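Here is the structure we will look at, set down as structure tokens.
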Amino acid sequence: MVKFKQKYAVIDVEATSASVMAQIIQVGIVIIQGDSLIKTYQTDVNPHEPLSEHIIQLTGITDQQLAKAPDFSQVAREIYELICDCVFVAHNVTFDANLLSEQLFMEGYDLRIPRVDTVELAQVFFPTMERYALGDLAKALDIPLTDAHTAIADAEATAQLFLKIREKIANLPSLTLEHIKTYADHLLFESRLLIDEVSLDKDFDHRTYQEVAGILLRKPQSEIPEKKYSQRFATNMALLGLDSRPKQEKFAQAMLQKEHHAHFIQAPAGLGKTYGYLVSLLADADQKKVVVSVSTKLLQDQMVSQEVQRLHQVFGTSYQTLKGPANYLKLDAFKASLEQEDDNRLLNRYKMQLLVWLLETTDGDLNAIKQQQRLQWYFDSLKHDGNLPQNSPFEICDFWKRAYQGAIASRLVITNHAYLLNRLSDAPSFVKDAHLVIDEAQQFFLSLEDFSHTQVNLLEVLMTLTELLRATESVLARRLIESLQFELGHLVTQKETSQEILIANDKWQKIKGDILELNLPELAGLNKLAHRRYDTVWLDSRYEGGRSVHLLKGASQLLLNFQTLLPERQKITLVSATLEISPQVSLPALLGFEHYQETMIEDDNHHQQAMWIDQEGVSPALPSDSYHRALAKKIYQLSQLNLPTLVLFTSKASLEEVSKHLEEAGLSHLAQGKTGTSHQLKRRFETEKTPVLLGTGSFWEGVDFTSHDRLLLVITRLPFASPQDFLHQKMTRHLIEKGQNPFISYTLPLMMMRLKQAFGRARRRDEQRSAVIILDPRFLEKSYGQSSIDLLGQSHLIAFEKRDKIMSDVLDFLL
857 MVKFKQKYAV IDVEATSASV MAQIIQVGIV IIQGDSLIKT YQTDVNPHEP
907 LSEHIIQLTG ITDQQLAKAP DFSQVAREIY ELICDCVFVA HNVTFDANLL
957 SEQLFMEGYD LRIPRVDTVE LAQVFFPTME RYALGDLAKA LDIPLTDAHT
1007 AIADAEATAQ LFLKIREKIA NLPSLTLEHI KTYADHLLFE SRLLIDEVSL
1057 DKDFDHRTYQ EVAGILLRKP QSEIPEKKYS QRFATNMALL GLDSRPKQEK
1107 FAQAMLQKEH HAHFIQAPAG LGKTYGYLVS LLADADQKKV VVSVSTKLLQ
1157 DQMVSQEVQR LHQVFGTSYQ TLKGPANYLK LDAFKASLEQ EDDNRLLNRY
1207 KMQLLVWLLE TTDGDLNAIK QQQRLQWYFD SLKHDGNLPQ NSPFEICDFW
1257 KRAYQGAIAS RLVITNHAYL LNRLSDAPSF VKDAHLVIDE AQQFFLSLED
1307 FSHTQVNLLE VLMTLTELLR ATESVLARRL IESLQFELGH LVTQKETSQE
1357 ILIANDKWQK IKGDILELNL PELAGLNKLA HRRYDTVWLD SRYEGGRSVH
1407 LLKGASQLLL NFQTLLPERQ KITLVSATLE ISPQVSLPAL LGFEHYQETM
1457 IEDDNHHQQA MWIDQEGVSP ALPSDSYHRA LAKKIYQLSQ LNLPTLVLFT
1507 SKASLEEVSK HLEEAGLSHL AQGKTGTSHQ LKRRFETEKT PVLLGTGSFW
1557 EGVDFTSHDR LLLVITRLPF ASPQDFLHQK MTRHLIEKGQ NPFISYTLPL
1607 MMMRLKQAFG RARRRDEQRS AVIILDPRFL EKSYGQSSID LLGQSHLIAF
1657 EKRDKIMSDV LDFLL
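857 is the number of the first residue of the sequence shown in the numbering used here; add one for each residue after it.
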């Protein structure tokens, strides 16, 4: 039993601004001794200057309220005597302590007491939080916080947070706590006081944890008995606490048809297909194993945390989520980093954070640690490479090995398209005797194309060659290395522009011959590039982070045949919102299937989703800066509707430029790659009341937004593929050779398919209503516009209006 004797003063200060010249306007103090809040204190303070509109809106404090408040000089003595024998605790203690100490000093009171920061302590001891603002922590930890940004309310919430942190520390096994203490001097100020007050006499629970090489790890969860599924789909859904829908039942029945080994099903968004295929296949006694592949790791995590977890809870279904090795922590690398002395304060904080996390995680998926951006290189050094050192002490508990073995033993395996293709290329038996489900199959075709590409960083390769030359004594090997150095170095020196250049076939054959003859494991990237699959090789140079990056890329001019990667007679179902890209181009043909069964689940008219095309849209033909400023202005205007708003871009560069202009305009927003990863932004978008999220890539398809009943979706630009895109060029050549028009047969239908996929992101529930606004005017200007609008009009209400009318109509439709 830990006895806490020290007194802590948990303090929050509200001020006229966040600058060093700020004046205090409110002080809230909570005194803690032991486990009790023994005293509270609050006072307004007259700053003798008007408050900014921002501070008034943030705190709810008014000039009239403060005009009646005492001067700080009148309350300084009372505050000093209350806290002078305490430890100063605050959420971001630097600001509160510096401001209060300075004001007290000006009144003749020298406050020299230890300081503890609850922000950093929360980051260490609650390692998987999305954000560490007081409001976010209060919500996540179920701490009451009314009247946020008033001093006493924030102080009381911080006091409860402080007690939860201290309780968490007190309950840590001593083995982990002892490790943490070795790094605790790197915490801000005297924050280690909370760690030092806990004695190292708490043994660990051997049923929950295991000690390996001095590190304490959480043991895997015990298996629970699997229950039988009913043969009736509706009964199984009822057991899950869900209602089945007629089209969902039709889809579930289609999953069990066995006329062909390959079955393509077209199913509209919002149908509930995930439960449809999972429940139907797991209830089928003939299906011993089910492997599901989804388009992104984000969607993979989403499915596991929702549908798969629910099936495990209700039916005890054994499952394993499986990603590439680099997603998992390599314990050998982490152990080595613990033994390495570092002066970097942030690095040592991450070491403490990971030590706590290892007591909680059973899968070792590094994506659970959300605060990686500030020291990404450290987390990169901890990523698993798929190999275990000889005599590794972590062999029995290695996270990647455990996931790999779990996939063999589990009845249900969830993976993603990129990893599935890599596994199938090495070991097709991965899916043998299982029913393979490819979800978002239209996206799988793009993943298959990505799989036919590879690249290496030329400068890194040249550095490796230099190291190999120093360590190599063989005359032949030295000659080959020198030859490679010359040829690859010559490519870099010849490259003066940031555009791509194709490498002549005779030159590539010479380089390829040297690579294959050397065949060194240190040149794994080059070895892969020399594979016969890659018949086109080019150099791509660009500027990233202020420096030149030279990438040697390889791809195949041929469309890969996915069926050749599968075991013979493999049971496979491919589910897509669209099977026919155009009358000339079908998804089954693109994937290489000749014999297959096809089922169509018809789509409904989506009266819960309406669409507006802005007659004063923003033309992509505008100069870059004018285009981005105009887009930012439109988005800012739409944000005044105070609706959850998802804004989709086709380019990361455009997203970043628009984000800069929105920041200048003072609009708070989420921006993919800037304010967090896709995983983080999705969660934040789902939990905030009226967020604005700028997204690209995975947000066009595969990410479901279900929490908001009303949603605004803004399409900044029609999602045409770039003419420079390798796949686009490949398909263009392929269709021209067949005498077809590439734009009509492929480019336009693919754009429409992607556009409709985006609409589905905002239409996930029957009760959910969404408004789509298209800012790209090309539907109104181009020859293909009317036919495209007619196609969209078959399922959507469409209107052509100017901005003010659109905003009025959207509010009428949604509210």
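For each residue, glycine too, the CB sits at the ideal point set by N, CA and C. Quantities reported herein were computed from a predicted structural model and do not represent experimental measurements.
Can you round the beta-carbon distance between Arg1540 and Leu1526 to whole angstroms, since I take them to be within the 8 angstroms contact cut?
-> 6 angstroms
Count the other CB atoms within 10 Å of the CB of Phe1342; is the residue buried (16 or more) or exposed (fewer)?
-> exposed
According to the neighbour-count rule (16 or more other Cβ atoms, all chains shown, within 10 Å of its Cβ), is Arg1485 buried or exposed?
-> buried
Bridge partner(s) assigned by DSSP for Gln1680 = No answer is possible for residue 1680: the residues shown for the chain start at 857 and end at 1671.
Nearest to Leu1112 (by Cα), restricted to the options His1652, Gly1128, Ala1141, Arg1074 = Ala1141
Cβ shell of His1309 (< 6 angstroms), same chain only, five flanking positions each side left out | Ala1411
Helix, strand or coil: which one does DSSP assign to Gly964?
-> coil
Return the Cβ separation of Leu1073 and Leu1214 in integer angstroms, given the expectation that the two are a contact with Cβ distance under 8 angstroms.
-> 5 angstroms
Are there three or more Cβ pairs, one per stretch, closer than 8 angstroms when the stretch 1446 to 1461 is compared with the stretch 1121 to 1129?
-> yes
Gly1551 by DSSP, collapsed to three states: which one?
-> strand
Candidates Ala1627, Ser1644, Val1570: which alpha carbon is nearest Ile1600's?
-> Ser1644
Expressed to the nearest angstrom, what Euclidean distance is found between the alpha-carbon atoms of Gln1243 and Gly1220?
-> Residue identity differs from the one stated: residue 1243 is Asn in this sequence, not Gln. Distance between the alpha carbons of Asn1243 and Gly1220: 15 angstroms.
Which one or two residues does DSSP pair with Ser1149 in a beta bridge?
-> Thr1271, Ile1294
By DSSP, does His1584 sit in helix, in strand, or in coil?
-> helix
Per DSSP, cross-strand counterpart(s) of Tyr897 | Ile885
Could you round the C-beta distance between Met1093 and Val1135 to whole angstroms and report it? I think they count as a contact, below 8 angstroms.
-> 7 angstroms
So, are the CB atoms of Glu986 and Lys1226 less than 8 angstroms apart?
-> yes
Would the beta-carbon of Leu1318 fall within 8 angstroms of that of Asp1370?
-> no
Would you say Leu893 and Leu977 are within 8 angstroms of each other, going by their C-beta atoms?
-> no
Glu1316 versus Glu1373, Leu1276, Glu1378, Ser1330, residue with shortest Cα-Cα distance = Glu1378
First through last residue of the alpha helix (DSSP H) which encompasses Thr1320 = 1314 to 1327
DSSP state of Ile1457 mapped onto helix, strand, coil | coil
Beta-carbon spacing of Thr896, His1005 below 8 angstroms = no
Rounded Cβ spacing between Asp891 and Leu922 (contact assumed at less than 8 angstroms) = 35 angstroms between Cβ atoms; not a contact.
Output the boundary residues of the beta strand (DSSP E) element that contains Phe944.
-> 943 to 946
Given Asp1157 as reference, the closest of Leu1670, Ser1193, Gln1176 once Cα atoms are compared = Gln1176
Using a Cβ cut-off of 8 angstroms (strictly closer), state whether Pro1249 contacts chain D.
-> Any reference to chain D falls outside this structure, which holds one protein chain only.
Cβ-Cβ separation, Ile881 to Ala871 (assumed contact under 8 angstroms), whole Å = 6 angstroms
What's the gap between the Cα of Thr1533 and the Cα of Glu1512?
-> 14 angstroms
Determine the direct distance from the alpha carbon of Phe1307 to that of Leu1277, and round the result to whole angstroms.
-> 7 angstroms
Run through the stretch 1476 to 1506 for me and flag every whole beta strand (DSSP E) of 3 or more residues, listed as ranges in chain order.
-> 1501 to 1504
Have a look at Met857 and Ile888 and give me their C-alpha separation to the nearest angstrom.
-> Any reading at Met857 is ruled out, since the residue's pLDDT is 44, under 50, leaving its predicted position unreliable.
Could you check the C-alpha separation between Ile1008 and Arg1258 for me, to the nearest Å?
-> 48 angstroms
Whose C-alpha, out of Gln1464, Ile1428, Val980, is nearest the C-alpha of Ser1651?
-> Gln1464
Given a cut-off of 8 angstroms, decide if Leu1211 and His1035 are closer than it, judged by their beta-carbon atoms.
-> yes
State buried or exposed for Ile1592, treating a residue as buried only when at least 16 other CB atoms are found within 10 Å of its CB.
-> exposed
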